[in-house]
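2 protein chains.
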Amino acid sequence: MANDGIRERILDAAERRAQRGGYNAFSFRELAADVGVKSSSVHYHFATKEALLQALVERYCARTRERLGEGAMLSPDEALRRLTAIFREALVDDNRMCLCGLLAAERDGLPPNVDAAVADYFRMILAYLRAALGDEEGRGTPEAVLATLEGALIVARSLCDHSIFERAVAQHC
Amino acid sequence: MANDGIRERILDAAERRAQRGGYNAFSFRELAADVGVKSSSVHYHFATKEALLQALVERYCARTRERLGEGAMLSPDEALRRLTAIFREALVDDNRMCLCGLLAAERDGLPPNVDAAVADYFRMILAYLRAALGDEEGRGTPEAVLATLEGALIVARSLCDHSIFERAVAQHC
DNA sequence: GTCTATAATTTGATAGAC
DNA sequence: GTCTATCAAATTATAGAC
Chain B
164 MANDGIRERI LDAAERRAQR GGYNAFSFRE LAADVGVKSS SVHYHFATKE
214 ALLQALVERY CARTRERLGE GAMLSPDEAL RRLTAIFREA LVDDNRMCLC
264 GLLAAERDGL PPNVDAAVAD YFRMILAYLR AALGDEEGRG TPEAVLATLE
314 GALIVARSLC DHSIFERAVA QHC
Chain D
164 MANDGIRERI LDAAERRAQR GGYNAFSFRE LAADVGVKSS SVHYHFATKE
214 ALLQALVERY CARTRERLGE GAMLSPDEAL RRLTAIFREA LVDDNRMCLC
264 GLLAAERDGL PPNVDAAVAD YFRMILAYLR AALGDEEGRG TPEAVLATLE
314 GALIVARSLC DHSIFERAVA QHC
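For the record, the sequence lines run as chains B and D.
For the first sequence, this note's numbering gives the first residue as 164, with consecutive numbering after it.
For the second sequence, this note's numbering gives the first residue as 164, with consecutive numbering after it.
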């Protein structure tokens, strides 16, 4: 069950590329080459690019949700630690942006279904933070935490300096 | 001097489109149509798309610098107020992202010169904040302020809710 | 400095054999 | 389910007339 299934491997390749360059930075042919098939085979699994990206964002959102757990059952510190760790990993392991942060930035160039799936991701993160942080305002609002994490990845990647991420999120974690 | 010069009008059109969809979300033909010329005329003013975007980012950076003024000569409150106002305006007036925040997110799909110009923008903003905030840590680090502003635009635009921007940046301004 | 015309390439997508 | 072959459209970019 490790990682078989062409469909999942196509999504893996798309995820890697989309988190680095965005919606228009990769093609069916490139994904096909990554996986070792032809572009028509990619189209067999995903009829359109919109469908592929929608599935990708939904998988990304589901994985994040599983990894975070139930915000209401965690201490504020643990909840923030888990969320920050996910963003830090994207940066440190592979110099990636958050998939949904990047796509949301490109919003006006996205098909409607992708845009909607991205918005759902943000709603999920904000609900998690609201449940975890409760009424304490010492750590900042859920909106501030999420915004800082997204922006910290952008600036740290552009300046090729991971310590920028740490200085940006220090007050929240 | 209001806004004549085809060159400037091309940059205006590119700026509007790039701040909404990113580097690959517009073409020479679209810019030409916006301005009322043909795409070959756009190429007369900017030989390549890389050159056009580089000029665009440099103009964006220079305008922002002029509008901010010298950070060292401003109170921390006034410095933060000015910077926040620029980001808020992009969101409220026209539902735009920060040009450099969007391009930086797409980093791996950018030509090298554009990537470098975007990094210069972030260095400029961070230097401004360092000069303005000095050693006071009460408002957060320069990195945290910049990251929060960039991320706040992303999330607020995706969820079509300007109040998210205000809740995200409230602690800094 | 702008135009027409076009080259060269890439893209998302489809038809049909196997 | 993957392949070969191909299409129609769009893209960046150039040549040359005016």
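Yeah, the Cβ is synthetic: ideal placement off N, Cα and C, and Gly gets one too.
Give the C-beta separation of residue i and residue j to the nearest angstrom, bearing in mind that I take them to be a contact with Cβ-Cβ under 8 Å.
i	j	result
B/T185	B/L266	For the sequence presented, residue 185 of chain B should be read as Gly rather than Thr. Rounded, the Cβ-Cβ distance is 7 Å, consistent with contact.
D/A195	D/V205	5 Å
Leaving aside the five residues before and after residue i along the sequence, list all residues of the same chain whose C-beta is less than 6 Å from its C-beta, in chain order.
i	result
D/I288	L309
D/D197	A176
D/A294	G234 and A235
D/I327	V318 and A319
B/P239	A295 and L296
B/Y284	C224 and C263
B/E299	none
B/M164	Bear in mind that the predicted position of B/M164 carries a pLDDT of just 40, short of 50, making it too unreliable to give a figure here.
D/F191	S202 and V205
B/A290	none
B/L237	A295
D/L216	V277
B/E193	none
D/K212	none
Check whether the Cβ atoms of residue i and residue j lie closer than 8 Å to each other.
i	j	result
B/G234	B/A225	no
B/V277	B/V200	no
B/A181	B/L262	yes
D/R259	D/R245	no
B/P275	B/L292	no
B/L316	B/A253	yes
B/G124	D/G301	Nothing in the structure corresponds to residue 124 of chain B, since chain B is present only between 164 and 336.
B/N187	D/A188	yes
D/R330	B/A307	yes
Keeping to the same chain, check which residues put their C-beta closer than 8 Å to that of residue i; ignore five residues upstream and five downstream.
i	result
B/T247	L312, V332, H335 and C336
D/V255	H325
B/I169	V198, V200, S204 and H208
D/R183	N258, R259 and M260
D/G232	R245
B/G303	T311, Q334 and H335
Note down, in chain order, each residue of its chain lying with its Cβ closer than 7 Å to the Cβ of residue i, except the 5 sequence neighbours on either side.
i	result
B/V281	V220, C263, L266 and A267
D/R270	D278
B/Y174	According to the sequence shown, residue 174 of chain B is Leu rather than Tyr. Excluding sequence neighbours, B/L174 sits near A218, L219 and R222.
D/R228	M287
B/F249	As written in the sequence, residue 249 of chain B is Ile, which differs from the Phe given in the question. The residues are T227 and R230.
Of all the residues that make up the segment 292-320 of chain D, which are near chain B by a beta-carbon distance shorter than 7 Å?
G303, T304, E306, A307, L309, A310, T311, L312, E313, G314, A315, I317, V318 and R320
Between the segment 265-279 of chain B and chain D, which residues of the former have a C-beta closer than 9 Å to a C-beta of the latter?
L265, L266, A267, A268, E269, R270, D271, G272, L273 and D278
Which residues, in chain order, does the segment 234-262 of chain D contribute to contact with chain B at a C-beta distance below 8 Å?
M260
Taking the runs of the alpha helix (DSSP H) that are 4 residues or longer, which of them lie wholly in the segment 262-319 of chain D?
262-268 and 275-296
Can you pull out the residues from the segment 176-193 of chain D whose beta carbon lies closer than 7 Å to at least one beta carbon of chain B?
R183, G184, G185, N187 and A188
Could you give the uninterrupted runs of the alpha helix (DSSP H) lying entirely in the segment 169-235 of chain D, keeping only those of 4 residues or more?
169-184, 191-198, 202-208 and 212-231
Taking beta-carbon pairs under 8 Å, can you tell me which members of the segment 216-236 of chain B lie near chain D?
none
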